[in-house]
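In terms of the working numbering, the sequence shown opens at residue 115 and continues consecutively. Quick reminder that beta carbons are idealized off the backbone N, C-alpha and C, glycines included. Given the structure is predicted, the values throughout are model-derived calculations rather than measurements. The structure under discussion appears below in the form of structure tokens.
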Amino acid sequence: MFAIRRSLPLAVRLARPSFRTTTTVAATSAGAPPQYDPIAAEKTAKPLHSHGFGFKMERYFAAAMVPLFPAAYFIHGPTMDAMLTFALTLHIHWGVYGVISDYGRPFVLGEPLAKAVRIGAYFITAMLLAGLLHFNQNDVGITKAFEMVWSL
Numbered sequence: 115m116f117a118i119r120r121s122l123p124l125a126v127r128l129a130r131p132s133f134r135t136t137t138t139v140a141a142t143s144a145g146a147p148p149q150y151d152p153i154a155a156e157k158t159a160k161p162l163h164s165h166g167f168g169f170k171m172e173r174y175f176a177a178a179m180v181p182l183f184p185a186a187y188f189i190h191g192p193t194m195d196a197m198l199t200f201a202l203t204l205h206i207h208w209g210v211y212g213v214i215s216d217y218g219r220p221f222v223l224g225e226p227l228a229k230a231v232r233i234g235a236y237f238i239t240a241m242l243l244a245g246l247l248h249f250n251q252n253d254v255g256i257t258k259a260f261e262m263v264w265s266l
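Here you go:
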């Protein structure tokens, strides 16, 4: 009726978890690479500046760009081309730099590569601005080019 269950003595059962814990800790600390701890990294890394003000200004600027695009469809000229050039360049720079600041952090890429990526973002922005200004000066301009594309 009653089954006699064979089990280890109580002292052995109580000793096993502590033995298992010490061997597990020793095995993970000796063989496995350390796991990334964001809290420890935040304490050891130099604090970054707050992005709150820049984020707010970027949102206000994006809202101010909303009437700029319909106006650029109807108003052609060097002034509108220049406004559109600077607005697009700044908006694209903020977007690209935001992605780089999220994914190209120094503790992910290393300090030299992270710095090179940030400098690359400014280089790309400068090339974009130079290309758009060249297009506005030596060709039909952005607004006229979009009108020509939409008339096809």
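Check, Outcome
"For M179 and A201, believed in contact at Cβ under 8 angstroms, the rounded distance", "5 angstroms"
"T239 and H190 closer than 8 angstroms at C-beta", "no"
"Residues of its chain near A228, where Cβ-Cβ distance is below 8 angstroms and the 5 sequence neighbours each way are ignored", "G218, R219, P220, V222"
"Cβ-Cβ distance between A185 and H205 below 8 angstroms", "no"
"H248 (DSSP reduced to helix, strand or coil)", "helix"
"M262 burial status per 10 Å Cβ neighbour count (16 or more: buried)", "exposed"
"Nearest-angstrom beta carbon gap, A235 and V210 [assumed within contact, 8 angstroms]", "5 angstroms"
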